[in-house]
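Worksheet: the structure to be examined is printed underneath.
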Amino acid sequence: MIGDSAVINPEIMAKKELFKRQFAEGVPCRHVVIENFLIPEIADQLYEKFPPFETLNVKRKSINEDKAEDYHFERWDPVFGRVRDALQSEAFCIWLSEVTGVEGLRSTDDSLGSGLHQGKNGSFVDVHVDVNMNPEKGLWRRVNLLIYLNKNWKPEYGGDLELWDVAMQNCVKKIPPFHNVAVIFYTDDNSPHGYSKIHVPDYESRKSFYTYYYTSVGEGFSYRDSRFLPRPDESFLKKAVTTVKETLKINAKKILKTLGVKKLDFQDKN
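Taking the UniProt record's numbering, the leading residue of the sequence shown gets 1, the next gets one more, and so forth.
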């Protein structure tokens with residue numbers, strides 16, 4: 001049994017070898033896209049019980065992003081906790097390690113473990129690479145899992161997850177955020193990703209459930225903060241502002257880290 005058998009679609013779990021091959025062959029970064037990831041009734045419950053945008057605890061609005069996120073599962077319908085527990089279970093982490101080839105994966109019980117993302121009309125997250133460490137837990141971040149929860153999502157809404165090449169010259173793959181679609185991808189310097197501005201009715205939003213997976217820090221680890229990477233078609237002004245802002249942020253965090261400050265804003269932007 002993989003995690004909670006009443007949460008994760010057992011047909012998906014049985015296709016481990018297929019997804020292992022697809023993950024290894026994924027470009028521009030190792031990844032796999034899985035439809036019907038959760039039991040349909042569970043995915044529908046998550047969609048129907050998804051907390052209103054206004055109630056999510058963290059609002060991110062800057063030149064590089066516009067969205068909300070939260071991880072306070074105790075405030076939401078119990079179905080969210082069931083899904084979190086299934087995705088963080090030992091059995092599922094073993095399955096995920098076998099699919100990705102990353103041994104010893106596990107998640108955490110904080111904001112960098114599992115939570116929710118949501119964006120209203122105009123929401124976007126510029127292309128970025130993720131921070132590669134959970135600073136409070138001292139763990140190496142290796143794999144992202146996103147489950148989209150958007151029934152009746154239309155292509156004209158936009159909001160596709162964009163996977164870019166390392167040189168930031170081409171968007172190699174776009175993944176629409178359709179309902180009950182999961183994306184599992186390896187996160188490192190070679191996995192720039194983000195989504196462009198969405199255009200949705202006032203009653204609609206782009207919703208996702210995230211879980212991030214870690215291993216102990218080992219050989220090859222070198223701390224890297226998250227950073228935004230300008231698209232080639234962005235204005236000179238935005239590129240300049242983004243570069244300056246990200247440089248200042250990264251240097252400030254380095255100083256704080258040197259001083260032993262661990263409680264920094266490391267929440268992610270996917």
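Glycine included, C-beta positions come from ideal geometry on N, C-alpha and C.
- Query: Looking at the structure shown, is Leu169 part of a helix, part of a strand, or coil, going by DSSP?
  - Reply: In the sequence as displayed, the identity of residue 169 is Gln instead of Leu. Note: Gln169 maps to coil in three-state DSSP.
- Is it true that the CB of Ser111 sits closer than 8 Å to the CB of Thr211? It is not a contact, given that the beta carbons lie outside the stated cut-off.
- Integer Cβ distance of Asn150 from Phe37, believed to fall under 8 Å: Contact flag wrong, Cβ pair sits at about 13 Å.
- Task: Quick one: which unbroken beta strand (DSSP E) runs of 3-plus residues sit fully inside the region 98-168? Chain order, please.
- Result: Runs found: 114-119, 124-129, 139-148, 161-164.
- Task: For Gly81, name the three-state secondary structure that DSSP assigns.
- Result: Gly81 falls in the helix class under three-state DSSP.
- Query: In or out: Pro230 buried (at least 16 other Cβ within 10 Å) or exposed?
  - Reply: Pro230 should be labelled buried.
- Query: Where Ala240 and Phe228 are concerned, what is the direct C-alpha to C-alpha distance, given to the nearest angstrom?
  - Reply: So the two alpha carbons sit approximately 12 Å from each other.
- Message: With a threshold of 8 Å on Cβ separation, who are the neighbours of Glu11 within its own chain once the five nearest residues in sequence on each side are excluded?
- Response: Once the five neighbours on either side are set aside, the close Cβ partners of Glu11 are Asn36.
- Given that a residue counts as buried once 16 or more other Cβ atoms are within 10 Å of its Cβ, and exposed if not, what is Arg21? Within a 10 Å sphere around the beta-carbon of Arg21 sit fewer than 16 other beta-carbons, which makes this residue exposed.
- For the putative contact between His193 and Val127, defined by C-beta atoms under 8 Å, what is the C-beta separation to the nearest angstrom? Taking C-beta atoms under 8 Å as the contact rule, His193 and Val127 qualify, at a distance of about 6 Å.
- Task: Could you check which residue in Thr242, Asn57, Phe221 has the C-alpha nearest to that of Val125?
- Result: Answer by Cα proximity: Thr242.
- Query: Is Pro177 closer than 8 Å to Tyr223 when the C-beta atoms are compared?
  - Reply: Contact: no.
- chain D contact for Ile8 (CB, 8 Å cutoff): Any reference to chain D falls outside this structure, which holds one protein chain only.
- Item | Sequence ranges, beta strand (DSSP E) only - wholly within the region 168-256, length at least 3 | 171-175, 181-186, 193-195, 206-216, all fully within the region 168-256.
- Message: Could you compute how far the alpha carbon of Phe50 sits from the alpha carbon of Asn64?
- Response: Taking the straight line joining both Cα atoms gives about 25 Å.
- Alpha carbon to alpha carbon, how far is Phe23 from Leu237? The C-alpha of Phe23 lies about 37 Å from the C-alpha of Leu237.
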